[in-house]
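Below is one structure; the comments refer to it alone.
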Amino acid sequence: MNTSFFAELIGTMILVLLGDAVVANVILKKTKGENGGVIAITAGWAFAVAIPVFMFGSISGAHFNPAVTIALASIGSFDWADVPMYLIAQFIGAFIGAALVLVLYYDHFKSTDDKATKLGVFCTGPAVRNLKLNFITEFVGTFVLMFAILGIGASKLADGISPIAIGILIWGIGLSLGGPTGYAINPARDLGPRLAHFLLPVPQKGDSDWGYALIPVIAPICGAIVAAFTYNMIF
1305 MNTSFFAELI GTMILVLLGD AVVANVILKK TKGENGGVIA ITAGWAFAVA IPVFMFGSIS
1365 GAHFNPAVTI ALASIGSFDW ADVPMYLIAQ FIGAFIGAAL VLVLYYDHFK STDDKATKLG
1425 VFCTGPAVRN LKLNFITEFV GTFVLMFAIL GIGASKLADG ISPIAIGILI WGIGLSLGGP
1485 TGYAINPARD LGPRLAHFLL PVPQKGDSDW GYALIPVIAP ICGAIVAAFT YNMIF
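Heads up, the sequence shown is in the numbering used here, so the first residue is 1305 and it goes up one at a time.
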């Protein structure tokens, strides 16, 4: 294990901790932020991504997303030999982050009756279940994410600006493209917490919706790979 492994693990843990926690704060009962709305959630997720990018960008490249890792490897910008280590770190970090949210908001999970709401703290789900369109939505969202990451990375920005740009990017994707599926755009962010929901003692939980679980895993990987090849082909 090297420093990149721990940077990806801790960075993804912070990302999911802050991201899932803002959802918990808004949609669970009896929280200080109950009914805070979509602006609070999308802003919270933007900050959740930007903060660990600031912290670990110089150490691991701040992927925190298997789709990004695989896409970069696909175009030769990342060593395939390091991909398994990064993915393991990302999924472990995501699971731990979700587990911490459960601990911190445990009483609020107990106070919330709706099982779908509880699942929604951990992972994404479609507002309208249409798996083909849900796949396309996650594909396009992650295409925009990856294409923009490469463009931001190629731009001559002042030191410290790139993480802010990434945060704005996540905020924009959430506000504009997040409505249909909740914008997973990250397999670890969705599957790690979904496993936490499945395995951990969430009070009066329902099922973990495994029938949908492949969409936020496969679609982001496909979208990111296509975006990376498209960016390289054009620029």
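All C-beta atoms in this analysis are idealised placements derived from N, C-alpha and C, irrespective of residue type, glycine included.
Residues W1349, A1352 of the same chain have their beta carbon placed closer than 6 Å to that of G1323, with the five preceding and five following residues left out of the count. In this model, V1327 and A1462 are separated by some 32 Å (Cα to Cα). If the five residues before and after V1506 are omitted, its C-beta is found closer than 7 Å to the C-beta atoms of L1406, F1413, K1422, all from its own chain and listed in chain order.
When A1371, L1408, G1401, L1319 are compared, the shortest CA-CA separation from P1520 is found for A1371.
Take L1479, set aside five residues on each side of it, and the residues of its chain with a beta-carbon closer than 7 Å to its own are T1346, in chain order. A1377 has its alpha-carbon roughly 31 Å from the corresponding atom of V1425. In the structure shown, L1404 adopts helical secondary structure according to DSSP, grouped into three states. With contacts defined by Cβ atoms closer than 8 Å, G1471 and G1397 do not form a contacting pair.
Between the region 1474 to 1491 and the region 1443 to 1459 there are three or more C-beta pairs closer than 8 Å, enough to call the two in contact.
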